[in-house]
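**Q**
2 protein chains.
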Amino acid sequence: MEHSTVKIEDVAREAGVSAMSVSRALRGVEGVSEATRARIVEIAERMGYAPSRLAGSLAQATSNLVTISVPTLFDAVFAEIIGGMRETLTHAGLETMIETSDYDPAREAAWVERMITWSPAAVVLSGTDHAPGTRALLRATGMPVMEVWDTAKDPIDLCVGIDHHVIGREMGAHLALLGYRNPAWIGITAGRDPRAEKRRAGLADAFAQVHARLIEIRSDAAPSFEAGYDGARAALRHDPRPDVLCFLNDHLAFGGMMGCEDAGLSVPADIGIAGFNGLNINNVLPRRLTTSVTPRALMGKTAARMLVAAIRGVRGETRVEMPVRVEPGQTTRPRLTSDRPAS
Amino acid sequence: MEHSTVKIEDVAREAGVSAMSVSRALRGVEGVSEATRARIVEIAERMGYAPSRLAGSLAQATSNLVTISVPTLFDAVFAEIIGGMRETLTHAGLETMIETSDYDPAREAAWVERMITWSPAAVVLSGTDHAPGTRALLRATGMPVMEVWDTAKDPIDLCVGIDHHVIGREMGAHLALLGYRNPAWIGITAGRDPRAEKRRAGLADAFAQVHARLIEIRSDAAPSFEAGYDGARAALRHDPRPDVLCFLNDHLAFGGMMGCEDAGLSVPADIGIAGFNGLNINNVLPRRLTTSVTPRALMGKTAARMLVAAIRGVRGETRVEMPVRVEPGQTTRPRLTSDRPAS
DNA sequence: TATCTTATTGTTATCGATAACACTGGCAAG
DNA sequence: CTTGCCAGTGTTATCGATAACAATAAGATA
């Protein structure tokens, strides 16, 4: 009770000590005898004292706040990364503040400027592509910075992610090996999602090895089931008709599969479908999507652990690249030569 | 550049005025001539000055922070509510801090206590069921409090939501009218999601009107596609076999539909399926789910508008109840008497 | 001309904590 | 018996802003 009004001096007066002793006792810092500490803690608790973060952070010139920027919360991937981070961070007594940039580097940059005024303990960004200036600004502050979900040879500071280009290439190689030769990529407007573009480039590289060209279909819509559906319908109008559709992620892939079936095609007999991420919708589908499984929660957890260490001044590894595996499902299958339309 | 080090006195010195004038000028507060203000603003911008939120909030005893608690970010519903709020809040210069309580009132309560130490401008909670004490604590602080997603006759302060009991009843009435008489509810462990329990109670009420009893299947798992799948399989083992399955939400419903089909039943011929929320997966399904469409984004936007007004001291309406409509799909259909198993 | 406004600007105190330093008294070493 | 050290505690200054009040100058009023 009386939470909002009890301040450190009230506790000090009640305990018959100075404010400083209370501060030391509650933070578990050296400089108070165990007897006094116990008494102070008991009194503070009884009075319902909660230290003002504002005052504390101002005095210490740093807070217990970790600010996190993700493109969107509508994509389960980012929710899972955040979920993975949050447990570890909360456990370490850190609070999190989440921003959504809607895939806009300018918004991310503006947010970084605002957010710095809270003196956070650390900053987390999604991906490794940022507006010019963001990088320099963060480096200048000297606080721990974590980039998740993508990798960079030269991260701002710390980095935990996966190599999207390699993932795309591996999926492409897998599909090429199955015999697909008319692949299509279905994503969203170029430039909005740099990671997706890297995967697409990897796919294109792999198909180029077998002299196949990846056609590209992009929607202006948000990445969603509908975008996949519409994208698939658009792809089917292409001549020659693609023999495999590679989607931005599993949700688009599912939408796309529905689109193909609505168009009278059967999967995988008439056309192959490949997704990305291994989202949990896949666990209930009668035909599992061929996809790449990414360790989102683990990525978050690893990132959080590294951050906590960095905040405490321990510098270890700065760059972690996580493994991803192609998981063949029932939406693709070996292509017989006779299946292949003449090129 | 030099962001982190420029403080208000530096700007004041550069402009040849006092710190107070700079403060006034930048906040757009009365008390500086237009000429000086323009000059100060220009200089502050040039120097890259960003006021410390910590110091500012401490001095003003309130911040530009709106703290939001939701059960989870894995459910698109909450992501959409947050999305709807955020635009309006950001536009009003308010920052948001999001917490996930994992449907645990104790965690929510602990968070409220911590969060208050940041002197937020307002607090947003999900639902109207809270731990004892949370309500009193928030009322005592006097800050604007918004409860979203559910309604209460006597909210803590402000409230924007839907009446889950009524929604359940309307869906139940709709299904009863179609002739269903052996309904099953498939959700998660009782008590975890109070809103879902209200809908279930509403369903049960409506079916009771036609002397039908609602059986209940609950999973310990998180609300997900898989929980729906497993729940459906469990429901099908029930004797007499249910003729319609009512799910916690559309994602469970989709999983459940897959479960039914895996079990050799066809929807809606052999069994009906009803979901909740009108999630966007529904837009790509060959058979649209029968569901209740809820205005999540609008709810968020409305809540945010009311909050901004309250923060600025304008008190208007305090309680808004939003309309919800039952949207018949292709997963239910009129039941002929002959379809009905003898009771 | 003397006085009163009013607009503009500056000064000082304060928000609630913590850092840095100063002070005690008791005990061990010489 | 004195000195020195150290653990335990208090005092003062500071973090970076803003509220409250004080001061100034220019124009309005009588």
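As given, the protein sequences belong to chains P and S, one line each in that order.
Count along the first sequence starting at 1, add 724, and that's the number in the working numbering.
Count along the second sequence starting at 1, add 724, and that's the number in the working numbering.
No residue lacks a Cβ here, since even glycine has one placed at the ideal position from N, Cα and C.
Would you mind sorting Asp963 of chain S into buried or exposed? The rule is 16 or more other CB atoms within 10 Å of its CB.
**A** For the purposes of this step, residue 963 of chain S is identified with residue 239 of the second sequence, where counting begins at 1. Under this definition Asp963 of chain S is an exposed residue.
**Q** Counting only beta-carbon separations shorter than 8 Å, does Ala1066 of chain P have a partner in chain S?
**A** For the purposes of this step, residue 1066 of chain P is taken as residue 342 along the first sequence, with counting starting at 1. Residue placement at Ala1066 of chain P is poorly supported in this model, since its pLDDT is 42, which falls under 50; the coordinates still yield a value, given next. Answer no: the Cβ-Cβ gap between Ala1066 of chain P and chain S never drops below 8 Å.
**Q** At which residue ranges does the stretch 963-1049 of chain S contain complete alpha helix (DSSP H) runs of 4 or more residues, listed in the order of the chain?
**A** 974-986 and 1020-1035
**Q** State buried or exposed for Pro992 of chain S, treating a residue as buried only when at least 16 other CB atoms are found within 10 Å of its CB.
**A** Along the second sequence, one-based indexing puts residue 992 of chain S at 268. Counting of Cβ neighbours within 10 angstroms places Pro992 of chain S among the buried residues, the total reaching 16 or more.
**Q** Is Ala1021 of chain S closer than 8 Å to Gly808 of chain S when the C-beta atoms are compared?
**A** Within the second sequence, the letter at position 84 stands for residue 808 of chain S. Within the second sequence, the letter at position 297 stands for residue 1021 of chain S. Yes, Cβ-Cβ distance for Gly808 of chain S and Ala1021 of chain S is below 8 Å.
**Q** May I ask you to list the residues that DSSP assigns as paired with Pro907 of chain P?
**A** As a working mapping, residue 907 of chain P is identified with position 183 in the first sequence. Per DSSP, P:Val968.
**Q** Is it buried or exposed for Arg961 of chain S, if we count other Cβ within 10 angstroms and need 16 for buried?
**A** Translated into positions along the second sequence, residue 961 of chain S becomes position 237. Label assigned to Arg961 of chain S: exposed.
**Q** How would you list, in chain order, the residues of chain S whose beta-carbon sits under 8 Å from the beta-carbon of Pro775 of chain P?
**A** Within the first sequence, the letter at position 51 stands for residue 775 of chain P. The answer, in chain order, is Thr841.
**Q** Return the bridge partner residues of Val847 of chain S from the DSSP annotation.
**A** Looking up residue 847 of chain S in the second sequence gives position 123. DSSP lists S:Thr791 and S:Val869 as partners of Val847 of chain S.
**Q** Put Gly892 of chain P into one of helix, strand or coil per three-state DSSP.
**A** On the first sequence, position 168 is the one that residue 892 of chain P refers to. It is helical.
**Q** Quick one, are the C-beta atoms of Gly851 of chain S and Asp874 of chain S less than 8 Å apart?
**A** What you label residue 851 of chain S is simply residue 127 of the second sequence in a count that begins at 1. What you label residue 874 of chain S is simply residue 150 of the second sequence in a count that begins at 1. It is a contact, given that the beta carbons lie within the stated cut-off.
**Q** Comparing alpha-carbon positions, which option in P:Leu1060, P:Thr786, P:Ala945 and P:Ser793 lies nearest Ile806 of chain P?
**A** What you label residue 806 of chain P is simply residue 82 of the first sequence in a count that begins at 1. Nearest of P:Leu1060, P:Thr786, P:Ala945 and P:Ser793 to Ile806 of chain P, Cα basis: P:Ser793.
**Q** Figure out for me which residue from P:Pro795, P:Arg1036 and P:Ser781 has the closest Cα to the Cα of Trp835 of chain P.
**A** The residue labelled residue 835 of chain P in the question sits at position 111 within the first sequence. Out of P:Pro795, P:Arg1036 and P:Ser781, P:Pro795 has the C-alpha closest to the C-alpha of Trp835 of chain P.
**Q** Using only the alpha-carbon positions, how far apart do Phe971 of chain P and Phe978 of chain S sit?
**A** Here residue 971 of chain P refers to the residue found at position 247 when the first sequence is read from its first residue. Here residue 978 of chain S refers to the residue found at position 254 when the second sequence is read from its first residue. Roughly 21 Å between the two C-alpha positions.
**Q** Spell out the partners DSSP gives Ser943 of chain P in its beta bridges.
**A** For this step, residue 943 of chain P is matched to residue 219 along the first sequence. According to DSSP, Ser943 of chain P bridges with P:Ile912.
**Q** Any C-beta of chain P within less than 8 Å: which residues of the stretch 979-1009 of chain S qualify?
**A** Gly979, Met982, Gly983, Glu985, Asp986, Asn1004, Ile1005, Asn1007, Val1008 and Leu1009
**Q** Using only the alpha-carbon positions, how far apart do Glu950 of chain P and Thr1014 of chain P sit?
**A** The count along the first sequence starts at 1 and reaches residue 950 of chain P at position 226. The count along the first sequence starts at 1 and reaches residue 1014 of chain P at position 290. Between Glu950 of chain P and Thr1014 of chain P, the C-alpha separation is close to 19 Å.
**Q** Going by C-alpha to C-alpha distance, which of P:His854, P:Glu804 and P:Ser843 sits closest to Asp826 of chain P?
**A** Taking the first residue of the first sequence as position 1, residue 826 of chain P is located at position 102. Looking from the CA of Asp826 of chain P, the closest CA among P:His854, P:Glu804 and P:Ser843 belongs to P:His854.
**Q** Count the other C-beta atoms from every protein chain shown that fall within 10 angstroms of the C-beta of Ser990 of chain S, then say buried if there are 16 or more, exposed otherwise.
**A** The count along the second sequence starts at 1 and reaches residue 990 of chain S at position 266. Exposed, since its Cβ has fewer than 16 Cβ neighbours within 10 Å.
**Q** Distance, Cα to Cα, Gly1002 of chain S vs Asp929 of chain S?
**A** One-based indexing of the second sequence puts residue 1002 of chain S at position 278. One-based indexing of the second sequence puts residue 929 of chain S at position 205. Distance between the alpha carbons of Gly1002 of chain S and Asp929 of chain S is about 22 Å.
**Q** Alpha carbons only, please: which of P:Leu797, P:Phe798, P:Ala783 and P:Ser787 is nearest the one belonging to Gly817 of chain P?
**A** Against the first sequence, residue 817 of chain P aligns to sequence position 93. Of the listed residues, the one whose Cα sits closest to Gly817 of chain P is P:Ser787.
**Q** For Ser747 of chain S, which of S:Ala768, S:Pro856 and S:Gly999 has the nearest alpha-carbon?
**A** For the purposes of this step, residue 747 of chain S is identified with residue 23 of the second sequence, where counting begins at 1. It is S:Ala768.
**Q** Alpha carbon to alpha carbon, what distance is there between Arg919 of chain S and Arg763 of chain S?
**A** Within the second sequence, numbered from 1, the residue matching residue 763 of chain S stands at position 39. Within the second sequence, numbered from 1, the residue matching residue 919 of chain S stands at position 195. Approximately 55 Å, taken between the alpha carbons.
**Q** Just to make sure I have the definition right: I need the residues of chain P whose C-beta is within less than 7 Å of the C-beta of Ile806 of chain S. Which are they?
**A** The sequence position of residue 806 of chain S within the second sequence is 82, counting from 1. Chain P residues near Ile806 of chain S: Leu797.
**Q** Between the Cα of Tyr904 of chain S and those of S:Glu894, S:Ile886 and S:Val968, spot the shortest distance and give me the residue it belongs to.
**A** Locating residue 904 of chain S in the second sequence gives position 180, where the first residue counts as 1. It is S:Val968.
**Q** What first and last residue would you give for the alpha helix (DSSP H) that runs through Gly808 of chain P?
**A** As a working mapping, residue 808 of chain P is identified with position 84 in the first sequence. Per DSSP, Gly808 of chain P belongs to the alpha helix (DSSP H) from Ala800 to His815.
**Q** Alpha carbon to alpha carbon, what distance is there between Arg923 of chain S and Arg718 of chain P?
**A** Nothing can be reported for residue 718 of chain P, as the shown portion of chain P is limited to 725 through 1067.
**Q** Look up Thr858 of chain S in the DSSP assignment and say whether it is helix, strand or coil.
**A** The residue given as residue 858 of chain S occupies position 134 in the second sequence. Reduced to three states, the DSSP call for Thr858 of chain S is helix.
**Q** From the DSSP secondary-structure annotation, give me the bridge partner or partners of Gly885 of chain S.
**A** Residue numbering aside, residue 885 of chain S sits at position 161 when the second sequence is read from its first letter. DSSP output for Gly885 of chain S lists S:Glu1045 as bridge partner(s).
**Q** Does Tyr827 of chain S come within less than 8 Å of chain P when only Cβ atoms are used?
**A** Locating residue 827 of chain S in the second sequence gives position 103, where the first residue counts as 1. Not closer than 8 Å to any Cβ of chain P, the Cβ of Tyr827 of chain S fails to qualify, so no.
**Q** How about Gly730 of chain S and Gly780 of chain S: do their beta carbons lie closer than 8 Å?
**A** Within the second sequence, numbered from 1, the residue matching residue 730 of chain S stands at position 6. Within the second sequence, numbered from 1, the residue matching residue 780 of chain S stands at position 56. As written in the sequence, residue 730 of chain S is Val, which differs from the Gly given in the question. No. Outside cutoff.
**Q** Which residues bound the alpha helix (DSSP H) around Glu832 of chain S?
**A** For the purposes of this step, residue 832 of chain S is taken as the residue at position 108 of the second sequence. Residues Pro829 to Ile840.
**Q** Is Val765 of chain S near Leu789 of chain S, with beta carbons less than 8 Å apart?
**A** Start at 1 with the first residue of the second sequence, and residue 765 of chain S comes out as number 41. Start at 1 with the first residue of the second sequence, and residue 789 of chain S comes out as number 65. No, the pair does not count as a contact, with Cβ atoms beyond the cut-off.
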